[in-house]
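Novice:
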Amino acid sequence: MGTEQWLAGIDIGGTTVKLSFITEDGAILEKWEIPTNTDQGGVMVVQDISKSIQEKLSTLGKSIDQLGAAGVGAPGFLEMETGFVYEAINIGWKDFALKEELEKQLGIPVSVDNDANIAALGEMWQGAGDGARDVLFITLGTGVGGGVISNGQILHGANGMAGELGHITSIPEGGRPCNCGKTGCLETVSSATGIVQLALEFLPQHPESSLKVFEQEGTLSARAVIEQADAGDACATAVVEKSMYYLGFAIANLANTLNPSRIVIGGGVSKGGQTLLNPLNDTYSKFVLKRVKEAADIKIAELGNDAGIVGAAWIAKEAKRKA
4 MGTEQWLAGI DIGGTTVKLS FITEDGAILE KWEIPTNTDQ GGVMVVQDIS KSIQEKLSTL
64 GKSIDQLGAA GVGAPGFLEM ETGFVYEAIN IGWKDFALKE ELEKQLGIPV SVDNDANIAA
124 LGEMWQGAGD GARDVLFITL GTGVGGGVIS NGQILHGANG MAGELGHITS IPEGGRPCNC
184 GKTGCLETVS SATGIVQLAL EFLPQHPESS LKVFEQEGTL SARAVIEQAD AGDACATAVV
244 EKSMYYLGFA IANLANTLNP SRIVIGGGVS KGGQTLLNPL NDTYSKFVLK RVKEAADIKI
304 AELGNDAGIV GAAWIAKEAK RKA
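Residue numbers (our numbering): 4 to 326.
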């Protein structure tokens, strides 16, 4: 493992915290997970992270001096410069000084960014972004997230809200309510949850569909819909095509605005591979400008669940370089 200092990459989710030690070249040396303790408004999360890192170092026969810096991805609305979390509903944080608290616990510099942004940076650095400096990253999970990288820099916007791709309005009239308070967001039709909702809407017109069994068993999931579409089920195919139509339309408009050199789709839903990519590409090709398309096709992310920890290490590395 050498004598050079390592970076700690930390990806905080609603159920688990992913932790890692990563070299400055982006190689993962160690990775592990701990549960996210959301009791009492998440007050113990930072302490749990610090304790786990110290224990892992000790197991490896190292001290905290082995770590040069830490990077953290956190959900919710936050101020990147100060690492201050205004609100992270899934964890229970409100007005929480994440960077300050973690620096106090670990005694090393800590950098913080949004969880979707760090996944985008991870893919740019070591994944499907392949080092490209203009990347549009969309993550399809329970919700829809994203990150926009322009000239190697993640865009944060005026108050940290750039890249909220899941809240592009896809259905201007009559769309379903979204958790954000609006209706008709991309998240309501192209996330795992959105795909299931679309399936429930489509099923009454397709009583013969194999999805009916999943619905009756209470096991209807985005994965089941994609697998049944792959097997040729007409209802599941219609659901996937509709969901990917909305996503392709949104991506084409974003690409026409940003002119990226890479478009990367990540998150759990992206495991659907070509079953999703084929209808997605059809719509994207229909609405994107020819010259914009020449610069960027759509690729599936390569790092899977490691994108966040790798991107977190990247922001730690960049902050260290600029210090």
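Cβ coordinates follow ideal geometry from the N, Cα and C atoms, glycine included.
Beta strand (DSSP E) containing E33: first to last residue?
Specialist: Sequence index remark: in the sequence shown, residue 33 carries index 30 (1-based). Residues I31 to P38.
Novice: Ignore the nearest five residues each way along the sequence and tell me which others in A131's own chain have a CB closer than 6 Å to its CB.
Specialist: Residue numbering aside, residue 131 sits at position 128 when the sequence shown is read from its first letter. Around A131: V267, K302, A304 and E305.
Novice: Which ranges would you report for the alpha helix (DSSP H) in the segment 95 to 137 if only whole runs of at least 4 residues count?
Specialist: DSSP runs (the alpha helix (DSSP H)) wholly in the segment 95 to 137: 101 to 109 and 118 to 129.
Novice: Could you check the C-alpha separation between M83 and G235 for me, to the nearest Å?
Specialist: Looking up residue 83 in the sequence shown gives position 80. Looking up residue 235 in the sequence shown gives position 232. One C-alpha to the other measures close to 45 Å.
Novice: Evaluate R324 with the Cβ neighbour count: other Cβ atoms within 10 Å of its Cβ, from every protein chain shown; 16 or more gives buried, anything less gives exposed.
Specialist: Stepping through the sequence shown from its first residue, residue 324 is reached at position 321. Under this definition R324 is an exposed residue.
Novice: Given G275, which residues of its chain have a CB within under 6 Å of its CB, disregarding the five upstream and five downstream residues?
Specialist: The residue you call residue 275 lines up with position 272 of the sequence shown. Taken in chain order, the residues that qualify are I229.
Novice: Report the three-state DSSP secondary structure of Q8 (helix, strand or coil).
Specialist: By one-based count along the sequence shown, residue 8 stands at place 5. Three-state DSSP puts Q8 in coil, outside helix and strand.
Novice: List the endpoints of the continuous beta strand (DSSP E) containing E211.
Specialist: The residue you call residue 211 lines up with position 208 of the sequence shown. E211 -> no beta strand (DSSP E), and no H or E assigned at all.
Novice: According to DSSP, is R294 part of a helix, a strand, or is it coil?
Specialist: Residue mapping note: residue 294 aligns to position 291 of the sequence shown, counting from 1. R294: helix per DSSP, three-state reduction.
Novice: Can you tell me where the alpha helix (DSSP H) with G311 in it begins and where it stops?
Specialist: For the purposes of this step, residue 311 is taken as residue 308 along the sequence shown, with counting starting at 1. A310 to K325 is the extent of the alpha helix (DSSP H) around G311.
Novice: What does I90 pair with, by DSSP beta-bridge criteria?
Specialist: Residue mapping note: residue 90 aligns to position 87 of the sequence shown, counting from 1. For the sequence presented, residue 90 should be read as Glu rather than Ile. Partner(s): F80 and K97.
Novice: Quick one: give me the first and last residue of the alpha helix (DSSP H) that I254 is part of.
Specialist: Along the sequence shown, read from residue 1 onward, the residue named residue 254 stands at position 251. Per DSSP, I254 belongs to the alpha helix (DSSP H) from A237 to L261.
Novice: Would you decide whether K185 is buried or exposed? Buried here means 16 or more other CB atoms lie within 10 Å of its CB.
Specialist: As a working mapping, residue 185 is identified with position 182 in the sequence shown. It is exposed - the Cβ of K185 has fewer than 16 other Cβ atoms within 10 Å.
Novice: Using 10 angstroms around the beta-carbon of E167, count the other beta-carbons present and answer buried if the total reaches 16, otherwise exposed.
Specialist: On the sequence shown, position 164 is the one that residue 167 refers to. With 16 or more Cβ atoms within 10 Å of its Cβ, E167 is classed as buried.
Novice: My assumption, with CB atoms under 8 Å, is that V147 sits in contact with L261. Please give the rounded CB distance.
Specialist: In the sequence shown, the residue the question calls residue 147 occupies position 144. In the sequence shown, the residue the question calls residue 261 occupies position 258. No, V147 and L261 are not in contact; Cβ-Cβ is about 17 Å, not under 8 Å.
Novice: Which class does R179 belong to by DSSP, given the choice of helix, strand or coil?
Specialist: Along the sequence shown, one-based indexing puts residue 179 at 176. Coil.
Novice: Please work out which residues of its chain come closer than 8 Å, Cβ to Cβ, to K102, disregarding the five sequence neighbours upstream and downstream, and give them in chain order.
Specialist: By 1-based counting over the sequence shown, the position of residue 102 is 99. Only V75, T85, G86, F87, V113, S114 and V115 meet the Cβ criterion.
Novice: Report yes or no: do the segment 242 to 249 and the segment 119 to 131 share at least 3 C-beta pairs separated by less than 8 Å?
Specialist: No, because fewer than three Cβ pairs between the segment 242 to 249 and the segment 119 to 131 fall closer than 8 Å, the two stretches do not touch.
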